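Mapping of the sequence shown onto our numbering: position 678 corresponds to residue 678, and the numbering continues sequentially without gaps.
Ideal Cβ placement from N, Cα and C applies to all residues, glycine included.
Bear in mind that the values here come from a model prediction, so they are computed numbers and not experimental data.
Beneath this line is the structure, given in structure tokens, with notes to follow.
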Amino acid sequence: MNQRGLEKLLAEMTLEDKAAQMLQLVGSYFVGAEEDGEITGPMESLGISEDAVKQVGSELGLSGAAKLIAVQQHHMANDKLAIPLLFMADIIHGYKTIFPIPLAIGCAWDVELAEQSAAIAAKESAVSGLHVTFAPMVDLIRDPRWGRVMESTGEDPYLNSLYATAFVRGFQGDDLTNDLNRVAACVKHFAAYGAGEGGREYNTVDLSEWQLREYYLPAYKAALDAGVELVMTSFNTVHGVPATGNKKLMRDLLRDEWGFEGVLISDWAAIMELIPHGIAEDEKEAALKAILAGVDIEMMTSCYVKFLPELVRSGEVDEALVDEAVMRILQLKNKLGLFENPLRGANPELEQEIVYCEEHRQVARQLASKSLVLLKNDNVLPLSTSQHIALIGPFANSKDILGSWSWRGAEGDIHTLEQVLKEKLSTANVKVAACEAVHEVTETELAQAIEAAKYADVIVLALGESSEMSGEGGSRSDIRLPQAQLELVQALRKLNKAMVTLLFNGRPLDLHGVIEESSAVLECWFPGSEGATAISDVLYGDMNPSGRLSMSFPYALGQVPVYYNHFQTGRPIKASEPDNRYTSKYLDIPNEPLFPFGFGLSYTTFSYGEVTISSDQLTKESSIEVKVTVTNTGSYAGEEVVQLYIRDISGEVVRPMKELKGFKKLELTVGESQEVTFTITEKQLRYHHSDLSFSSDTGQFALFVGSNSRDVAEKRFRLV
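Printed below as a string of structure tokens:
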């Protein structure tokens, strides 16, 4: 349908039709309350009419080609204007083929593979009848107490921006209209949802506009620049105003300054939540403030459908605001080709062939293996298949390895560590002592664990959080492993055996009680459908671990938030005065994290030659080439992530100690050397000044090259 056709359709709609088009309901309103769509938030009686349901514009939470074809056909037969439904869902890190959680994908430092994972998720979703995914989440995170850390790619705005672009491209492709293997992406949560006070879900955010623009907004902007079709509002306040009713954020910044012309959708019940937030007295005022802010679709509350027509007729809302919102929704449906083909890519026969196919699972295995981060290794890994191992702990035979937001993933399809290791090794070489629960180790389980460990060469201890301990609503005040697991570690350590700890979790943890007691620690996150196989690949050296942390691990909870790109302060700790208490430090713990951003070990070793720069002066028209030769000096082929950081020594406002500006992954065979070149331009030195202008300053800069944000070599240059 062309634009004139859409305008004609809009002109035929009553105010009630338009308000219904702006409403999104869960699938139970269409096919019955017994359906299994994943639903979050409080379920309330919406008090809307059957006629309104017939005119509703979009649905969330259903999937499956046959089901959605039936729903769409029924809707088209009953909608008086025959406007097709949009089907949306939370496809966060895979549809049926589940990839590692996004935080783990961030640790792969592989944006191409991330894009491929999103393309596979889109392909499986589209053939199953879906049109829109509520992804990517690009919220910058500095507090691991927050449950939705697992849904982010980490603490760095540059790396998050690269992933935001990759995920949008993967989901949407180059031609959303004609490529039926793609779905529209919805970037979320706009804005700064990850900065909630105390790491608590749905909590207040209080940031200066300078900090918001410098650190929290870049990844959203990257998604918009990549062509993302939808933006979702966040639950939190921004400058004292809840995002869903925040005109300055949504109209002034998102629409006017950034030029976003796509659909703005509320998060679940977020318009209604303007009332408990305290900026709306009732549903009518909530509808008024949300439409004035520019929200196009209301998810699972009925403020719009009940009160927008009345607000327009009373003159409190200009009908043009409603028309522009509805037009954006119609234009998205048109871009997806739904007016010509309401069923789009839904195909039950092809669905059976594509979803969870072997090709997709192999990509999931590859990405899972690249996302694993080796945190410690006292020459224990890789293991040998001739060694006797004792596989112990709550994740020894658990299928809870998909993580939150994997609602179409089926645990029945998953192989456990026990199954994979027994398949790889002689059964006689594997003794298993599993624990049923993450929070409890019974006396019987402890006795079985000790007995299994006595006859083993190596203990493989599979520990972690359950998937319910992270994700939405999964904030934790204590980010250590459950006490029962720490006691299990202590009991096994008394045997003086080599002990390899595998960690399954959705956030960085306080690892005291684990890290010092283990011979090796492998951070596995929630690794997805092929996670157990990927872990086996790494444990036995079929894959050399190459993951690098995209979020710092705290030394202790009291440091949080702890992140690499912090400010120095006017009283930094001096190496020459370590005992000077009148510096910015703790008396009882170090300032530095236990494991810094960018950190990860390998089974091989890499040496860095001298860092050279082509010039010690940079102008706005010139560039500087930074070169370093990296050599694999160990006994295994491996991948190294060479990282480039920059510090502005003297800015108009205080600048971070380091900022990631580039990285390159190298694959090096034993003894192989490769020269890496980075190019620095003036554009990379720009930042937001105190007046919020975005530019660079002349003066001295430090550049750092190394294997992580801590272990780097430094050079200096000047911008003139």
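How close, in whole Å, do the beta carbons of residue i and residue j come, if the pair is a contact with beta carbons under 8 Å?
i, j, result
"Leu421", "Ser536", "6 Å"
"Pro102", "Glu151", "5 Å"
"Gly403", "Ser467", "5 Å"
"Leu212", "Ala192", "6 Å"
"Thr605", "Thr633", "5 Å"
"Val127", "Val363", "Contact doesn't hold; Cβ gap of about 16 Å is too wide."
"Pro665", "Glu625", "Checking the sequence shown, residue 665 turns out to be Lys, not Pro. About 19 Å; that fails the 8 Å criterion."
"Tyr563", "Ser552", "6 Å"
"His93", "Asp139", "So it is not a contact: roughly 15 Å between Cβ atoms."
"Ala290", "Gly240", "Contact doesn't hold; Cβ gap of about 17 Å is too wide."
Between which residues of its own chain and residue i is the CB-CB distance below 6 Å, once the five residues before and five after are set aside?
i, result
"Glu214", "His688"
"Met43", "Confidence at Met43 is low in this model, with a pLDDT of 39, below 50, so its placement is unreliable and the value that follows should be read with caution. Here the set comprises nothing."
"Gly41", "For Gly41, the predicted model reports a pLDDT of 43, less than 50, meaning its position is unreliable and no value from the coordinates is stated."
"Thr583", "Arg571, Ile573"
"His277", "Pro242"
Just tell me which of the options has its CA closest to the CA of residue i.
i, options, result
"Tyr636", "Ile646, Leu618, Leu668, Thr629", "Leu668"
"Asn544", "Ile589, Phe597, Ser602", "Ser602"
"Val231", "Gly278, Ala135, Glu197", "Ala135"
"Ala390", "Arg344, Ile680, Met499", "Met499"
"Ser58", "Met300, Asn591, Leu692, Val380", "Met300"
"Ala434", "Lys424, Thr427, Ala452, Ser426", "Ala452"
"Ala226", "Gly173, Arg313, Asp691, Ser369", "Gly173"
"Val642", "Ser623, Gly600, Met657", "Gly600"
"Val538", "Glu640, Ile450, Pro382, Ile392", "Pro382"
"His74", "Leu343, Gln116, Thr97", "Leu343"
"Leu308", "Asp17, Val676, Ser690", "Asp17"
"Phe701", "Lys715, Ser707, Ser709", "Lys715"
"Gly473", "Tyr202, Asn2, Glu197, Glu610", "Tyr202"
"Thr698", "Thr244, Glu592, Ile649", "Ile649"
"Asp542", "Thr385, Leu461, Ala19, Glu359", "Thr385"
"Ala121", "Ala184, Ile271, Ala534", "Ala184"
Going by beta carbon distance, what residues of the same chain come within less than 7 Å of residue i, once the five residues before and after it are set aside?
i, result
"Lys399", "Glu411, Ile414, Thr416"
"Ala222", "Ser161, Ala164, Thr165"
"Glu34", "Annotation note: pLDDT 36 at Glu34 (below 50); position unreliable, coordinate value reported separately. Closer than 7 Å at Cβ, skipping near neighbours: no residue."
"Arg255", "Gly294"
"Gly64", "Ser128, Gly129"
"Asp36", "Because Asp36 carries a pLDDT of 45, less than 50, the predicted location of this residue cannot be relied on, and no value is offered for it."
"Glu38", "Bear in mind that a pLDDT of 45 at Glu38, under 50, signals an unreliable position, so the model cannot answer this."
"Pro508", "Pro144, Met551, Ser552, Phe553, Pro554"
"His566", "Pro656, Met657"
"Gln331", "Leu6"
"Pro218", "Pro157, Ser161"
"Glu652", "His689, Ser690, Asp697"
Tell me whether residue i sits in a helix, a strand or coil according to DSSP, three-state version.
i, result
"Tyr540", "coil"
"Asn565", "coil"
"Ala390", "strand"
"His189", "strand"
"Arg548", "coil"
"Ala184", "strand"
"Met76", "helix"
"Lys18", "helix"
"Thr40", "Its pLDDT being 45, under 50, Thr40 is placed unreliably in this model, and the value from its coordinates should be taken loosely. It is coil, neither helix nor strand."
"Gly638", "strand"
"Leu9", "helix"
"Ala166", "helix"
"Asn632", "strand"
"Gly94", "coil"
"Phe307", "helix"
"Arg716", "strand"
"Tyr645", "strand"
"Gly194", "helix"
"Gly464", "strand"
"Lys54", "helix"
Within the same chain, show all residues whose beta-carbon is closer than 8 Å to that of residue i, passing over the 5 residues directly before and after it, in chain order.
i, result
"Ile48", "Leu23, Ser302, Val305, Lys306"
"Thr619", "Glu682, Leu719, Val720"
"Ile589", "Tyr555, Ala556, Gly558, Gln559"
"Leu311", "Lys284, Ala287, Leu288, Ile291, Val317"
Practice task
Could you tell me which uninterrupted beta strand (DSSP E) segments, each at least 3 residues in length, are contained entirely in the region 656-711, listed from first to last along the chain?
Solution key: 659-668, 673-681, 699-706
Practice task
Give, in chain order, every unbroken run of the beta strand (DSSP E) that is at least 3 residues long and sits entirely within the region 376-453.
Solution key: Counting whole runs of 3 or more residues, the region 376-453 contains the beta strand (DSSP E) stretches 389-393, 430-434.
Problem - Length at least 4, wholly inside the region 567-610: the alpha helix (DSSP H) runs in chain order - result: none
Handout entry: Length at least 3, wholly inside the region 230-303: the beta strand (DSSP E) runs in chain order
Key = 230-233, 263-265
Practice task
Could you tell me which uninterrupted beta strand (DSSP E) segments, each at least 3 residues in length, are contained entirely in the region 476-539, listed from first to last along the chain?
Solution key: 498-504, 520-523
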